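Contents: one structure, followed by commentary.
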Amino acid sequence: MIPIPPPAHPLHYRALGLIKGTLKPVPGSISQATLVTADGDEYPTTPGRAQLLKQFTRCVEQDLPHWFYVHPQPRPNDVMGLSVIRILSLSEAEWEAMDPEAERPEEDFAPIMDGAEAGFNVRGDIHSRKGVITVTVQRQPQGDKHFPPLQVKIQGFLPGSQDGEFWDLMADLEGHELILVDGTRLLDAPETSETA
């Protein structure tokens, strides 16, 4: 089960993921790290908010796996970057599976629910071509700051879909690619949209 919070409203734009890994330091930087998964995949990672910097740094110092809620941040050369927005510790069952006898560190974070699975939820307007779904995710302004839409690419097909439709998509992160798992059309495309 992927414990992704429900959307705030039916047409809520978002790109939100849950991933488990260990933050490794980037020399000379306290606001950047490399998230390394159990499979050995590596992702450049930053705290999504200034208020998270202390917790982010503590995770790097602990050198232990944690669960992270993240926003995907596509980078040049098809590299997937991650922006951390919340940190959770391992579940009781995960600690037991690692080493029941090991002394656990004092955690600053709430534990994740048992049975959690990694995954991503991307909600936005789609444009589908040749097995690649590009999702345009509108971003909320923060005060006077306005941000351009986020473009998230997902590998997969949505038979019968039309460009411009609003979809709710579930995906898995494999290497640096998001792979489509499931999708639901939430809003039809404008009449001028072309069939994908």
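Those letters in the sequence shown? Residues 6 to 201, by the numbering used here. From the three backbone atoms N, C-alpha and C, an ideal C-beta is built for every residue, glycine too. It should be emphasised that the depicted structure is a prediction, and the values quoted were computed from it without experimental measurement.
Self-check item: alpha helix (DSSP H) segment containing residue 239, residue limits
Solution: The first residue shown for the chain is 6 and the last is 201, placing residue 239 beyond what the model contains.
Quiz item: Is the CB-CB distance between residue 42 and residue 25 below 8 Å?
Solution: yes
Quiz prompt | Local Cβ density within 10 Å of residue 167, reported as buried at 16 or more and exposed below that | solution = buried
Quiz item: Can you give the beta carbon distance from residue 68 to residue 27, rounded, assuming they're within the 8 Å contact cut?
Solution: 6 Å
Practice problem: Classify residue 200 as helix, strand or coil using the three-state DSSP reduction. | Solution: Residue placement at residue 200 is poorly supported in this model, since its pLDDT is 37, which falls under 50; the coordinates still yield a value, given next. Residue state, collapsed to three classes: strand.
Quiz prompt | Assigned exposure category for residue 151 - 16 Cβ within 10 Å defines buried | solution = exposed
Quiz item: Taking Cβ to Cβ, would you say residue 208 is nearer than 8 Å to residue 136?
Solution: In the structure displayed, the chain extends from 6 to 201; residue 208 sits before or after that span and is not available.
Self-check item: Buried/exposed call for residue 80, threshold 16 Cβ in 10 Å
Solution: exposed
Quiz item: Applying the criterion that 16 or more other CB atoms from any shown protein chain within 10 Å of the CB defines a buried residue, is residue 85 buried or exposed?
Solution: buried
Quiz item: For residue 172, which residues does DSSP report across the bridge?
Solution: 129 and 190
Quiz item: CB residue 127 to CB residue 191, shorter than 8 Å?
Solution: no
Quiz item: How would you write the range of the beta strand (DSSP E) that residue 73 sits in, first residue to last?
Solution: 71-80
Exercise. Could you tell me the boundaries of the alpha helix (DSSP H) in which residue 155 lies?
Key: Run containing residue 155: none in the alpha helix (DSSP H); it sits in the beta strand (DSSP E), 155-160.
Exercise. Report the option in 129, 165, 122 and 176 whose CA atom is closest to the CA atom of residue 15.
Key: 129
Practice problem: Confirm, please, whether the CB-CB distance from residue 142 to residue 153 is below 8 Å. | Solution: no
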